[in-house]
Each structure stands twice: as structure tokens, then as C-alpha cells.
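Here the structure is laid out as C-alpha cells; the discussion comes afterwards.
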Amino acid sequence: PTSIQLSNSLIAENTGCGVVLGQLTTLDPDLAGLGDEFSYVLTMLGGAPAYFAIRGNEVITTSNNINFEQTPTLSFLVTSTDSAGQSVSMTFTVNVIDVNEAPTNVSFSPTEVLQVKSIQGRDSVNPASISVNSFVDLFGIDPDGEGESFTYEIVTTNGLAYDAADAARHPFMIVGSTL
9 PTSIQLSNSL IAENTGCGVV LGQLTTLDPD LAGLGDEFSY VLTMLGGAPA
59 YFAIRGNEVI TTSNNINFEQ TPTLSFLVTS TDSAGQSVSM TFTVNVIDVN
109 EAPTNVSFSP TEVLQVKSIQ GRDSVNPASI SVNSFVDLFG IDPDGEGESF
159 TYEIVTTNGL AYDAADAARH PFMIVGSTL
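Sequential numbering of the sequence shown, starting at 9, is according to our numbering.
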């Protein structure tokens, strides 16, 4: 054999296990048209986990953790051996396509707002509550990294939209990215 071809070198991040990345074809001028069978061995390069494997002449995914933000390209070595025991090895690089992932969390800054309130005629400090006209900045946490924009909404504990009756009982509102 003189060369190996891979039919595809693009994969979307978070692709599931067992998905076919592409087909392998071996070029072997000694056996052209004779229907020779080839065996393939795949080795990941650069210390990457085993994201791919060989199934027949296909390269398939073995992980659903392919992540553009961590590794935008993945490389592996494929060795093709013909029935006569002759082999060729080639390196392939797969480009991981970034997918817009949902935000995973919201953080607040500051995490505590002090409120002075009168209890039985004495002033006390309660760090667990937020006073009227106090402001807390909201920050979305997104696996895609910086540069994302977010919209925020207050919802009730049962997941319904926050309405005027809720606002009367729980006087919070969001303006832009401020609570």
C-alpha cells in the first residue's frame, strides 16, 4: 500500500458514541482491482484520549466528550496492512466544529449584600437578605467561553413565568444583567 484516504475530517463537538466519522480507503497499486482486503489500526496522537476507533474500514467515535473548547483539532495515526503483510501509516487531523451549547449556571456578584434592619428597636446586620435598591450583577456561565450574551428571567419555584402577583410577594426585578 502507498496511501490511505479518510472520507471526512470534520466532527461536531458532543457527537455521541458510535457515530461514523468517515470511511478509510487504501491505495495499493500492486493489488489494484484484485479485491484485496486491508486491516486498519488507529492510534491517537498527542496524548489525547481514545476518541476514535476502527470498525471495518470506518473510523467511529468512542466518546461523547469531544469538546471544541478543549481540543479544536484531534490527530490520530492509521496503519493499513494488506493481505501480503505490507503496510503504510498516515496521520489524520480531525477538525472539531464548535456547537453553541446552553449556559450551565448563573453566578452573582456580590454574593452577599448587607442589610441593616431594625429588630425590636435595635439595628442588626443580616447578610442573608438583600435590601431595597441593592443591586447584584448576574453572570451567565457558558461552556462556549467568553463573548456570549445572555438574557435573564425570574421564574417561580415551579418553573412558571414570574408575574405581577409574584412581584408583590417577592419584590425582585431584573434590568439587563442586574438583579
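Ideal Cβ positions, reconstructed from N, Cα and C, are used throughout, including at glycine.
Delimiting residues of the beta strand (DSSP E) encompassing residue i
i      : result
Val102 : 95-105
Ala20  : 18-20
Leu32  : 28-35
Leu85  : 81-90
Leu14  : 11-14
Tyr48  : 46-52
Ala61  : 60-63
Ile68  : 66-69
6 Å CB neighbourhood of residue i in its chain, flanking five on each side removed
i     : result
Thr34 : Pro9, Ile12, Phe46, Ser88
Given residue i as reference, the closest of the options once Cα atoms are compared
i     : options                    : result
Ser83 : Gly55, Thr70, Thr23, Gly24 : Gly55
Gly93 : Tyr48, Val27, Gln31, Leu32 : Tyr48
Thr81 : Met52, Ile62, Gly64, Arg63 : Met52
Val27 : Arg63, Met98, Asp38, Pro57 : Arg63
Same chain only: Cβ atoms within 7 Å of residue i, ignoring 5 sequence neighbours per side
i     : result
Leu29 : Asn16, Ile19, Phe60, Val67, Ile68, Thr69, Val102
Ser91 : Asp44, Glu45
Glu21 : Ile74, Asn75, Phe76, Val104, Ile105, Asp106, Val107
Cys25 : Thr69, Thr70, Ser71, Asn72
Leu14 : Gly30, Leu32, Val67, Phe100
Pro37 : Thr10
Assumed close pair residue i, residue j - CB separation to whole angstroms, cut-off 8 Å
i     : j     : result
Leu50 : Val96 : That pair is no contact at about 14 Å.
Same chain only: Cβ atoms within 8 Å of residue i, ignoring 5 sequence neighbours per side
i     : result
Thr23 : Thr69, Asn72, Ile74
Asn65 : Gln31, Leu32, Thr33, Phe46, Tyr48
Thr79 : Ala56, Val104
Ala58 : Met52, Thr70, Ser71
Contact test: residue i Cβ vs the ligand PLP heavy atom, cutoff 7 Å
i     : result
Gln31 : Absence of the ligand PLP from the depicted structure is noted, as is the absence of any ligand whatsoever, leaving it without description.
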